[in-house]
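Protein sequence lines, in the order shown, are assigned to chains A and B.
The opening position of the first sequence corresponds to residue 1 in the working numbering, with each subsequent residue numbered one higher.
The opening position of the second sequence corresponds to residue 1001 in the working numbering, with each subsequent residue numbered one higher.
By construction, the Cβ of each residue, glycine as well, lies at the ideal position given by its N, Cα and C atoms.
There are 2 protein chains.
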Amino acid sequence: MQLPSSLLENAVAEFSKLPGIGKKTALRLVLHLLKQETEVTNQFGETLMKMRKEIQFCQNCYNISDGKICSICANTSRQKNVICVVENIRDVIAIENTQQYNGTYHVLGGIISPLDGIGPEQLTIDSLIERVKKEEVSELIFALNPTIQGDTTIYYIQKKLANVHCKVTTIARGIAFGGELEYADEMTLGKSISNRQPIQQYIK
Amino acid sequence: MQLPSSLLENAVAEFSKLPGIGKKTALRLVLHLLKQETEVTNQFGETLMKMRKEIQFCQNCYNISDGKICSICANTSRQKNVICVVENIRDVIAIENTQQYNGTYHVLGGIISPLDGIGPEQLTIDSLIERVKKEEVSELIFALNPTIQGDTTIYYIQKKLANVHCKVTTIARGIAFGGELEYADEMTLGKSISNRQPIQQYIK
């Protein structure tokens, strides 16, 4: 696709670098900006640059934060002795939206995946271990995706915590609400039977 | 969806303003930028702002341009007495990509659509009429979408040019290459029969 202006070409190329945005979509977005006032584009660019420059990661849990400590860690009404270990910030947002969890988080920044060149030292595992030891954590909840990499990461962290007295759990796997039994995979259905729960607990 | 930082929230809101980008996609794009170096976001923002500030519209045909006259109008090897009238810049890019056209363009900036509050005065019709009269244009090719609004626009311009000696044509409508006869709508199929062409011309 040939474009009539090098300025346009550069802008389209920048948008195309974003994940899931091809050249045609990029062109549509740029032409949309061109239709608006100059002020709209300036605000768009400046907001992004300001965000990138000023945003911080919580020194405690590595969640995104406006300051040194994120709003979750700074919230005194949350249980500090329960930590939910997640892969990335999107998982924090997803769990927060359920409004079912009142503990704190620890964002690993990825999971151990030797094939992608990600080892434990690239993640925030050391600081998690330190936190568990220092803050007298009573429960560590793993909310990682059920893949080999996720299991490896859990195994690695558990081994590091072998001498620490702390309950370690993982979020429940099973049939999703609205899911149909007959279409569930064997692994999930099998686990959901072996991990069956008393009805009382379920209704509560 | 609650986000843990107001900076993040603002950036997501800016992305969500773009057409076809919802809040979830916007978050994905912002988190992608956060994963990269600060430089990447700065370049992204600055390229867009520079584009918006410096880009011009050709004084002759209203195509996007780096200077006062676009590269198509400035190209001496193109036929200046043939003008293809299109709705927007995307149409110029599409026709240019066919490499089948060697004339110039005129970008209307929309089509007459009273329901959307777009009248002839919001479009570049006056300057088109002036161009046709001044440049001794021999052929005016309408490449507008075959809608009521498109037809109205053609009718309006033709009326304005009633006293001017100039051939007026429109791009051919018919069955698309790769299209199947049985699935074509009646209007298209009917037109493609009544506007049938001699085989020689077709093969040439």
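So for C1058(B), helix, strand or coil by DSSP? On the second sequence, position 58 is the one that residue 1058(B) refers to. C1058(B): coil per DSSP, three-state reduction.
Any beta carbon from chain B within less than 7 Å of L18(A)'s own beta carbon? Taking the first sequence and counting its residues from 1, one reaches residue 18(A) at position 18. Closer than 7 Å: yes.
Would the beta-carbon of A143(A) fall within 7 Å of that of C84(A)? The residue given as residue 143(A) occupies position 143 in the first sequence. The residue given as residue 84(A) occupies position 84 in the first sequence. Result yes, Cβ atoms of A143(A) and C84(A) sit closer than 7 Å.
Closer than 8 Å by beta-carbon distance: list the chain B residues that pair up with C84(A), in chain order. For this step, residue 84(A) is matched to residue 84 along the first sequence. Neighbours of C84(A) on chain B: none; closest Cβ ~14 Å, over 8 Å.
Does the Cβ of Y1155(B) have 16 or more other Cβ atoms within 10 Å, making it buried, or fewer, making it exposed? The sequence position of residue 1155(B) within the second sequence is 155, counting from 1. Exposed: under 16 other Cβ atoms inside 10 Å.
Look at the alpha carbon of E1121(B) and the alpha carbon of Y101(A), and state the distance between them as a whole number of angstroms. Taking the first residue of the second sequence as 1, we reach residue 1121(B) at position 121. Taking the first residue of the first sequence as 1, we reach residue 101(A) at position 101. Cα to Cα, the separation comes out at about 59 Å.
Rounded separation between L29(A) and T1152(B) - CA only: One-based indexing of the first sequence puts residue 29(A) at position 29. One-based indexing of the second sequence puts residue 1152(B) at position 152. Using only the alpha carbons, I get a separation of about 28 Å.
Nearest-angstrom Cα separation, counted from N1088(B) out to P222(A): The structure shown does not extend to residue 222(A), since chain A is modelled only from 1 to 204, so the question has no answer here.
Is the distance from the Cβ of G1045(B) to the Cβ of M51(A) below 7 Å? Numbered from 1 along the second sequence, position 45 holds the residue referred to as residue 1045(B). Numbered from 1 along the first sequence, position 51 holds the residue referred to as residue 51(A). Not in contact: G1045(B) and M51(A) (Cβ atoms no closer than 7 Å).
Strictly below 8 Å CB to CB, what residues from chain B border G45(A)? Walking along the first sequence from the start, residue 45(A) turns up at place 45. Correct list: F1044, G1045, E1046, L1048, M1049.
Distance, Cα to Cα, R1196(B) vs Q1043(B)? Mapped onto the second sequence, residue 1196(B) falls at position 196. Mapped onto the second sequence, residue 1043(B) falls at position 43. Roughly 53 Å separates the two Cα atoms.
Which two residues bound the contiguous alpha helix (DSSP H) that contains H1106(B)? Here residue 1106(B) is taken as the residue at index 106 of the second sequence, counted from 1. First-last for H1106(B): 1104 to 1107, but that is the beta strand (DSSP E), not the alpha helix (DSSP H).
Suppose you measure from the CA of L1115(B) to the CA of E180(A); what does that come to, to the nearest Å? Taking the first residue of the second sequence as position 1, residue 1115(B) is located at position 115. Taking the first residue of the first sequence as position 1, residue 180(A) is located at position 180. Using only the alpha carbons, I get a separation of about 47 Å.
Whose C-alpha, out of Y183(A), G110(A), I125(A), M187(A), is nearest the C-alpha of Q149(A)? On the first sequence, residue 149(A) is found 149 positions in, with the first residue counted as 1. Comparing Cα-Cα distances from Q149(A) to each of Y183(A), G110(A), I125(A), M187(A), the minimum goes to G110(A).
Chain A contact for K1029(B) (CB, 7 Å cutoff): Taking the second sequence and counting its residues from 1, the one referred to as residue 1029(B) is at position 29. Reading the sequence as shown, one finds Leu at residue 1029(B) and not Lys. Closer than 7 Å to some Cβ of chain A, the Cβ of L1029(B) qualifies, so yes.
Determine the extent of the beta strand (DSSP E) in which I1111(B) is found, giving its start and end residues. Looking up residue 1111(B) in the second sequence gives position 111. I1111(B) -> no beta strand (DSSP E), and no H or E assigned at all.
Name the two residues that bound the continuous beta strand (DSSP E) containing E139(A). For the purposes of this step, residue 139(A) is taken as the residue at position 139 of the first sequence. Counting along the chain, the beta strand (DSSP E) containing E139(A) begins and ends at 139 to 142.
Should S1138(B) be flagged as near chain A, meaning a C-beta pair shorter than 7 Å? Within the second sequence, numbered from 1, the residue matching residue 1138(B) stands at position 138. Judged by the 7 Å Cβ criterion, S1138(B) is not in contact with chain A.
Is the CB of N145(A) under 7 Å away from at least one CB in chain B? The sequence position of residue 145(A) within the first sequence is 145, counting from 1. False, the Cβ-Cβ gap to chain B never drops below 7 Å.
Leaving aside the five residues before and after N1145(B) along the sequence, list all residues of the same chain whose C-beta is less than 8 Å from its C-beta, in chain order. Residue mapping note: residue 1145(B) aligns to position 145 of the second sequence, counting from 1. Contacts found: E1087, I1111.
With C-beta atoms as the reference, is I1072(B) less than 7 Å away from T1104(B)? Working through the second sequence from its first residue, we reach residue 1072(B) at position 72. Working through the second sequence from its first residue, we reach residue 1104(B) at position 104. Cβ atoms of I1072(B) and T1104(B): closer than 7 Å.
Express the C-alpha separation of A1172(B) and V1159(B) in angstroms, rounding to a whole number. Taking the first residue of the second sequence as 1, we reach residue 1159(B) at position 159. Taking the first residue of the second sequence as 1, we reach residue 1172(B) at position 172. In the sequence on display, residue 1159(B) carries Lys and not Val. Near 21 Å, if we compare the C-alpha coordinates of A1172(B) and K1159(B).
Taking Cβ to Cβ, would you say L7(A) is nearer than 7 Å to I1055(B)? Here residue 7(A) corresponds to residue number 7 of the first sequence, with the count starting at 1. Here residue 1055(B) corresponds to residue number 55 of the second sequence, with the count starting at 1. Contact: yes.
DSSP beta-bridge partners for I118(A)? In the first sequence, residue 118(A) corresponds to position 118, counting from 1. Bridge partners of I118(A): S113(A).
At 9 Å on the CB atoms, spell out the chain A contacts of I1072(B), in chain order. The count along the second sequence starts at 1 and reaches residue 1072(B) at position 72. Neighbours of I1072(B) on chain A, chain order: P4.
In chain B, what lies closer than 9 Å to R90(A) by C-beta? Reading the first sequence from its first residue, position 90 is the one you call residue 90(A). Within 9 Å Cβ-Cβ: L1027, R1028, L1031.
Straight-line CA distance for I175(A) to K80(A)? In the first sequence, counting from the first residue as 1, residue 175(A) sits at position 175. In the first sequence, counting from the first residue as 1, residue 80(A) sits at position 80. When rounded, the distance between both Cα atoms is 30 Å.
Check distances from the C-beta atoms of the stretch 1182 to 1201 of chain B to those of chain A and list, in chain order, the residues that come in under 7 Å. none
Please report the distance separating the alpha-carbon of T1047(B) from that of K53(A). Residue numbering aside, residue 1047(B) sits at position 47 when the second sequence is read from its first letter. Residue numbering aside, residue 53(A) sits at position 53 when the first sequence is read from its first letter. For T1047(B) and K53(A), the distance between alpha carbons rounds to 17 Å.
Exposed or buried, H1165(B), counting other C-beta atoms within 10 Å across all chains shown (16 or more means buried)? In the second sequence, the residue the question calls residue 1165(B) occupies position 165. H1165(B) should be labelled exposed.
Give the single residue among I1129(B), E1037(B), L1140(B) whose Cα lies nearest to the Cα of T1169(B). Residue numbering aside, residue 1169(B) sits at position 169 when the second sequence is read from its first letter. The shortest Cα separation from T1169(B) among I1129(B), E1037(B), L1140(B) belongs to L1140(B).
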